[in-house]
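Quick notes on the structure that follows.
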């Protein structure tokens, strides 16, 4: 980096002009100046795949999400999810890992984190339903990072079609849950969908069904790719660093026994 390139340089990403900041100092500068010197920006590919992102400013969206998510991720709420996470993890390891001479970690990690996201975000746990939702997500992820060329057969068009397919399924779930919410039926699981249906903005307006569908879709993509990549690297480094693995094993074994 020091020899061949600069820590700050101009380029084009997804057909749009961009400036790239490298190093921890660059990250700190960007994240400490959000909505001051810089604002969040989405390329055209994201605006097409998630239509609601083009209708409101990133500042408004981030403010709305910051208001809602703490209720879902506060310590008291997280404690309730541990049992759910443990149950899904045990079933996942029993079906995909145990008795295998060799495993491909990344696909299995994606399966696990996506199952977990479906359960915690929208209370979906039926394996067939989860599988139907998971299939289009590789196409969506590819479409997001592709050039926004909207022709049949392109990754971008496939991403749009896949997002529309998932969005239709989510809208059915949202409508059903919204009706139950309006009828005053008590929800046994206060998942993130419940919070989105219940939380209003400073004007007292609730989120639209399409906005909720796009937010859930974005969170599920995170559960499909980002978290699974982190899990995969954890497994990789534990396998490559046995002395670290031994310490982790001793620590968890002591804690749970």
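Residue numbers (this note's numbering): 27 to 283.
Built from N, CA and C at the ideal position, the CB exists for glycine as well.
{"Query": "Backbone CA spacing between residue 273 and residue 135 [nearest angstrom]", "Result": "22 Å"}
{"Query": "For residue 201, the nearest candidate out of 219, 187, 178 and 190 (CA to CA)", "Result": "219"}
{"Query": "Three-way DSSP call (helix, strand, coil) for residue 40 in this model", "Result": "coil"}
{"Query": "C-alpha gap between residue 56 and residue 45, whole angstroms", "Result": "11 Å"}
{"Query": "Buried or exposed (CB count within 10 angstroms, at least 16 for buried), residue 138", "Result": "buried"}
{"Query": "Other residues of its chain near residue 147: CB distance less than 7 Å, five sequence neighbours each side excluded", "Result": "217, 218, 219, 242, 245 and 246"}
{"Query": "Simplified DSSP state of residue 168, which is helix, strand or coil", "Result": "helix"}
{"Query": "Length-filtered (4 minimum) alpha helix (DSSP H) runs lying within the stretch 211–274", "Result": "218–224, 235–247 and 253–266"}
{"Query": "Straight-line gap, residue 186 to residue 279 (C-alpha atoms, nearest Å)", "Result": "46 Å"}
{"Query": "Straight-line gap, residue 261 to residue 109 (C-alpha atoms, nearest Å)", "Result": "22 Å"}
{"Query": "Proximal residues to residue 176 (C-beta, below 8 Å), its chain only, five neighbours per side dropped", "Result": "74, 182, 183 and 186"}
{"Query": "Integer Cβ distance of residue 71 from residue 174, believed to fall under 8 Å", "Result": "5 Å"}
{"Query": "Euclidean distance between Cα positions of residue 68 and residue 204", "Result": "29 Å"}
{"Query": "Separation of residue 112 from residue 124, as counted between CA atoms", "Result": "16 Å"}
{"Query": "Candidates 141, 167, 170 and 168: closest to residue 156 by CA position", "Result": "141"}
{"Query": "For residue 46: DSSP bridge partner residues", "Result": "35"}
{"Query": "Helix, strand or coil at residue 51 according to DSSP, with G and I counted as helix", "Result": "helix"}
{"Query": "Cβ-Cβ distance between residue 166 and residue 188 below 7 Å", "Result": "yes"}
{"Query": "Beta-carbon proximity list for residue 47, same chain, < 8 Å, skipping 5 on both sides", "Result": "33, 34, 53, 55 and 56"}
{"Query": "Residues of its chain near residue 294, where Cβ-Cβ distance is below 8 Å and the 5 sequence neighbours each way are ignored", "Result": "Lying before the first or after the last residue shown, residue 294 is absent from the chain, which here runs from 27 to 283."}
{"Query": "Minimum C-alpha distance to residue 121 - residue among 153, 195 and 65", "Result": "153"}
{"Query": "Alpha helix (DSSP H) segment containing residue 116, residue limits", "Result": "101–122"}
{"Query": "Residues bridged to residue 64 [DSSP beta-bridge criterion]", "Result": "60"}
{"Query": "Check whether residue 258 and residue 132 have beta carbons under 7 Å apart", "Result": "yes"}
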